[in-house]
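**Q** Sharing a structure with you now.
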Amino acid sequence: MSFGEAITDLVNESLDPILQSAQTWQRVPLAEVVDILNGYPWPSSGFSGDRGHPVIRIRNVLDGETSTFYEGEIVDGYWVLPGELLVGMDGDFNRNFWSGPTALLNQRVCKLTTKPGFYDARFLYHVLPGYLGLINKHTSSVTVKHLSSKTLGEIPLPLPPLAEQKRIVVKLDALNAKSARARTELARIETLVSRYKQAVLRSAFLGAMTSAWRTKRADLQTASDLIDRTPTPPQPKGGREATDRVIQGKAALAINAPARGAPPKWQWVPLSRIARQETGHTPSRSHPEWWDGEIPWIGIKDAGANHGRIIEETIQTTNEEGLANSAARLLPAGTVCLSRTASVGYVTIMGKPMATSQDFVTWTCTEALVPKFLMYALMAEGDDIREFGKGTTHTTIYFPEVRAMQICLAPLEEQHEIVRRIESAFAKIDRLAKEAKRALELVGRLDEAILAKAFRGELVPQDENDEPAEHLLARIRAEREAAPKGKRGRKGAT
């Protein structure tokens, strides 16, 4: 649906700072200082992916590039040159300067050309978003919101002296360049956080993180002694045998014989020697009475939302009857879960007895293995854990590989120390990420505050030599009255 209110009234009633105008300025309808050209309905039968002239469709306004071409008869007057201002007339009503090659203007996109001597194109670029946002907010819709060129032309633009418009643009562009650099650097922190956490994990499970700590503890019980005094847990019967493939992980995991030596007092050991390995199952969906019970049931979405954490609640639950009629089993708190299909690599620890789907491999640890040590060891592989699986499109870690998995086990006291140090480092990294996120939000608010200051007439100094805004408005009105009626507001096709 379209906009059905008076834009001037909405602007007058609005308290939004970026819709204000300095007292010494005037206001002018957009159509009096801007030529609006609506796009042409080029026949889709002439569209191509690689032949003809590029066509700007509404989805191309923001990204500045198009993969649609038109090969057919050209109606003159609908060309867009690089640097010309466009507005998308559906959806979010975005505006942008076209950064692609010379192209044809398609329907539901309009081109705005400011009239020389009256309005600066870049000033219009900075002014428009607040007004387009106001229109969008008050446009009802069932599917997609629509903007008409009539409404666009009625926007009461702030009208400073032309020279002041240009000074404001220079100042805004300089400030925006600085805030853009700040946003870029702050946005990089999210990537750096992930990399730093991975570096922490790799350091921990290659033995470097606690090397000095270990050296000071001559009486530290070795992992070998720990393994010797730990009974082997019973494993589920049946299924495929362990693979004979050899795959070296990036840190403390491997499939079969590891190529990397163990740090002092550590020991490579089959994971099945110190943890019971299982999987889950999905109770039949055709029996709704087996669902929405009291037993938490972990699915992929749960693991993704709780990656690297203890999981306490799940999206779905089952019940005793559901477990009794499936291969799923209620596993104890502390069980470590690794997603092995679809989204491979999510790791979480059960905070209470739970069941899982068949998308997981689970380990119930003996006293020789701290659950969080195993969780972080799995996470230390990062995306490389996919190397333990098979498949190009959808990687899956199969049970022959799981059964052959080995872990480089640290002494029990050192396992606890490693977990403590990892969580301490992660807490510091997360605080940094939180501060960066807050700073990014503040940059956005600063941009809005700068615009508000600009439109209050306070961003740049006033110049008494500027043509007063009321004189500029008078010239605009005089030229409009003098123009032949046929040349007023030429809009093109809709």
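Here full-length UniProt numbering is used: position 296 in the sequence shown is 296, and no number is missing along the way. Glycine is no exception: its CB is placed at the ideal position from the N, C-alpha and C atoms.
Closest to residue 275 by CA distance: which of 339, 231, 207 is it?
**A** 231
**Q** Between the alpha carbons of residue 152 and residue 101, how many angstroms are there, rounded?
**A** 26 Å
**Q** Measure the C-alpha to C-alpha separation of residue 205 and residue 313 and round it to an integer number of angstroms.
**A** 29 Å
**Q** Less than 8 Å between the CB atoms is what I'm expecting for residue 479 and residue 26, so what's the real figure, rounded?
**A** 15 Å between Cβ atoms; not a contact.
**Q** Does the beta-carbon distance from residue 255 to residue 388 come in below 7 Å?
**A** yes
**Q** Taking the alpha carbon of residue 82 as the reference point, which residue from 55, 75, 146, 337 has its own alpha carbon closest?
**A** 55
**Q** In this structure, how does DSSP classify residue 407 when only helix, strand and coil are distinguished?
**A** strand
**Q** Relative to the alpha-carbon of residue 424, which residue among 143, 201, 186, 144 has its alpha-carbon at the smallest distance?
**A** 201
**Q** Determine, using beta-carbon pairs with one atom in the segment 276-286 and one in the segment 318-329, whether at least three such pairs fall under 8 Å.
**A** Yes, they touch.
**Q** Under three-state DSSP, which class holds residue 421?
**A** helix
**Q** Residue 98 by DSSP, collapsed to three states: which one?
**A** coil
**Q** Determine the direct distance from the alpha carbon of residue 289 to that of residue 493, and round the result to whole angstroms.
**A** Reliability of the predicted coordinates at residue 493 is poor, the pLDDT of 46 falling under 50, and the value obtained from them is presented with this limitation in mind. Distance between residue 493 and residue 289, taken at the CA atoms: about 59 Å.
**Q** Report the CB separation of residue 85 from residue 112 in whole angstroms; it is logged as a contact under 8 Å.
**A** 5 Å
**Q** Look at the alpha carbon of residue 126 and the alpha carbon of residue 67, and state the distance between them as a whole number of angstroms.
**A** 28 Å
**Q** Express the C-alpha separation of residue 92 and residue 42 in angstroms, rounding to a whole number.
**A** 23 Å
**Q** Would you decide whether residue 271 is buried or exposed? Buried here means 16 or more other CB atoms lie within 10 Å of its CB.
**A** buried
**Q** In its own chain, which residues sit with a C-beta less than 6 Å from the C-beta of residue 108, not counting the 5 before and 5 after it?
**A** So the qualifying residues of the chain are 58, 89, 90.
**Q** Among residues of its own chain, excluding the 5 on either side of residue 221, which ones have a beta-carbon nearer than 6 Å to its beta-carbon?
**A** For residue 221, where only same-chain residues beyond five positions count, the Cβ hits under 6 Å are 411.
**Q** In the structure shown, what three-state DSSP assignment does residue 360 receive?
**A** strand
**Q** Grouping DSSP H, G and I as helix and E and B as strand, with all else coil, what is residue 93?
**A** coil
**Q** I'd like to check one pair, residue 267 with residue 327: are the Cβ atoms closer than 7 Å?
**A** no
**Q** List the residues that DSSP assigns as beta-bridge partners of residue 88.
**A** 109
**Q** Pull up the distance between the alpha-carbon of residue 465 and that of residue 37, whole angstroms please.
**A** 34 Å
**Q** Is DSSP giving residue 493 helix, strand or coil here?
**A** Here residue 493 scores only 46 on pLDDT, less than 50, and its place in the model should not be relied on; the value that follows carries that caveat. Looking at residue 493 - three-state DSSP - the assignment turns out to be coil, as it is neither helix nor strand.
**Q** Tell whether a beta-carbon distance below 7 Å holds between residue 406 and residue 258.
**A** yes
**Q** Buried or exposed: residue 31, going by 16 or more other Cβ atoms within 10 Å of its Cβ?
**A** Buried, since its Cβ has 16 or more Cβ neighbours within 10 Å.
**Q** Closer than 8 Å is the cut-off here; do at least three beta carbon pairs connect the segment 330-342 with the segment 355-363?
**A** Taking one beta carbon from each stretch, the segment 330-342 and the segment 355-363 have 3 or more pairs nearer than 8 Å; the two touch.
**Q** Does the beta-carbon distance from residue 28 to residue 473 come in below 7 Å?
**A** yes
**Q** Do residue 119 and residue 155 have their C-beta atoms within less than 7 Å of each other?
**A** no
**Q** Does the distance from the C-beta atom of residue 110 to that of residue 144 stay below 7 Å?
**A** No, these two residues do not count as a Cβ contact at 7 Å.
**Q** Kindly identify the DSSP beta-bridge partner or partners of residue 276.
**A** 364
**Q** Mapping the DSSP letters down to three states, classify residue 450 as helix, strand or coil.
**A** helix
**Q** Looking only at its chain, what residues have a beta carbon closer than 6 Å to the beta carbon of residue 322, apart from the 5 residues adjacent to it on each side?
**A** 283, 290
**Q** Of all the options 78, 329, 293, 354, which has the alpha carbon lying nearest to the alpha carbon of residue 303?
**A** Distance check between residue 303 and each of 78, 329, 293, 354 places 354 closest, using alpha-carbon atoms only.
**Q** Can you give me the start and stop residues for the alpha helix (DSSP H) that residue 198 sits inside?
**A** 162-205
**Q** Exposed or buried, which one is residue 488 when buried takes at least 16 other CB atoms within 10 Å?
**A** Any answer about residue 488 is weak, because its pLDDT of 48 lies below 50 and its placement is not dependable; what the coordinates show is given next. Of the residues assessed, residue 488 falls on the exposed side of the cut-off, its CB having fewer than 16 other CB atoms within 10 angstroms.
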